[in-house]
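Chemist: My questions will all concern the structure given below.
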Amino acid sequence: MSIQAYQNNTVETASPGELTLMLYNGCIKFTKAAKKAMENNEIEKKNTNIQKAQKIIQELMVTMDQQYEISQQILPLYDYMNRRLIEANTKNDPAILDEVQGLVEEFRDTWKQVILQTRKTQYGQGGNA
Numbered sequence: 070m071s072i073q074a075y076q077n078n079t080v081e082t083a084s085p086g087e088l089t090l091m092l093y094n095g096c097i098k099f100t101k102a103a104k105k106a107m108e109n110n111e112i113e114k115k116n117t118n119i120q121k122a123q124k125i126i127q128e129l130m131v132t133m134d135q136q137y138e139i140s141q142q143i144l145p146l147y148d149y150m151n152r153r154l155i156e157a158n159t160k161n162d163p164a165i166l167d168e169v170q171g172l173v174e175e176f177r178d179t180w181k182q183v184i185l186q187t188r189k190t191q192y193g194q195g196g197n198a
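For the numbering used here, count along the sequence shown from 1 and bump the result up by 69.
Written as structure tokens, this is what we have:
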């Protein structure tokens with residue numbers, strides 16, 4: 070099986086929670102790549118990676134389930150991160166990328182805990198799912 074086929078299969082068989090985790094990890098990866106490109110004065114590469122990170126944030130915003138009250142608290146944070154990415158791009162400021170990366174890492178780490186708690190609830194305390 071090729072790497073691409075494996076990755077496609079992983080995405081196709083992932084739960085919605087795991088997909089969200091993949092989006093967070095992708096956003097972190099692109100933010101790091103943008104910072105490295107910024108440090109190496111690779112403007113086009115920086116721009117491309119920041120835009121990829123923005124697309125992920127936008128995807129998270131669009132797919133958020135609005136029926137939960139917490140959504141009203143998270144959406145403004147996603148919007149803030151998106152605006153900060155634009156600012157990092159226009160100002161060429163790596164500190165802003167660090168800030169956004171830190172926020173995304175917090176979301177990811179919290180989301181991991183949610184997934185673990187959900188699995189414990191679904192499969193019982195001793196389950197190895």
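Don't be surprised by glycine CBs; every beta carbon is placed ideally from N, CA and C. Since we're looking at a predicted model, the values are computed, not measured.
May I have a chain-ordered list of the alpha helix (DSSP H) segments no shorter than 4 residues that lie completely inside the region 102-156?
Modeler: Here the runs fully enclosed are 112-132.
Chemist: Would you call the region 94-104 and the region 130-138 touching, i.e. three or more CB-CB distances under 8 angstroms?
Modeler: No: the two stretches stay apart, fewer than three of their Cβ pairs being nearer than 8 angstroms.
Chemist: Which whole-angstrom value is the C-beta distance of Gln123 and Asn151, which I expect to be below 8 angstroms?
Modeler: To locate residue 123, count along the sequence shown from 1; it is residue 54. To locate residue 151, count along the sequence shown from 1; it is residue 82. Contact holds; Cβ gap of about 6 angstroms.
Chemist: Given Lys181, which residues of its chain have a CB within under 7 angstroms of its CB, disregarding the five upstream and five downstream residues?
Modeler: Within the sequence shown, residue 181 is the residue found at index 112, counting from 1. For Lys181, where only same-chain residues beyond five positions count, the Cβ hits under 7 angstroms are Leu90.
Chemist: Within the same chain, show all residues whose beta-carbon is closer than 7 angstroms to that of Ala106, passing over the 5 residues directly before and after it, in chain order.
Modeler: Walking along the sequence shown from the start, residue 106 turns up at place 37. Answer for Ala106: Lys114, Lys115 and Asn118, listed in chain order.
Chemist: Using DSSP with H/G/I as helix, E/B as strand and the rest coil, what is Lys161?
Modeler: By 1-based counting over the sequence shown, the position of residue 161 is 92. Note on residue identity: the sequence assigns Asn, not Lys, to residue 161. DSSP places Asn161 in coil when its eight states are reduced to three.
Chemist: Taking just the CA atoms, how far does Leu166 sit from Ala103?
Modeler: Looking up residue 103 in the sequence shown gives position 34. Looking up residue 166 in the sequence shown gives position 97. Cα to Cα, Ala103 sits roughly 8 angstroms from Leu166.
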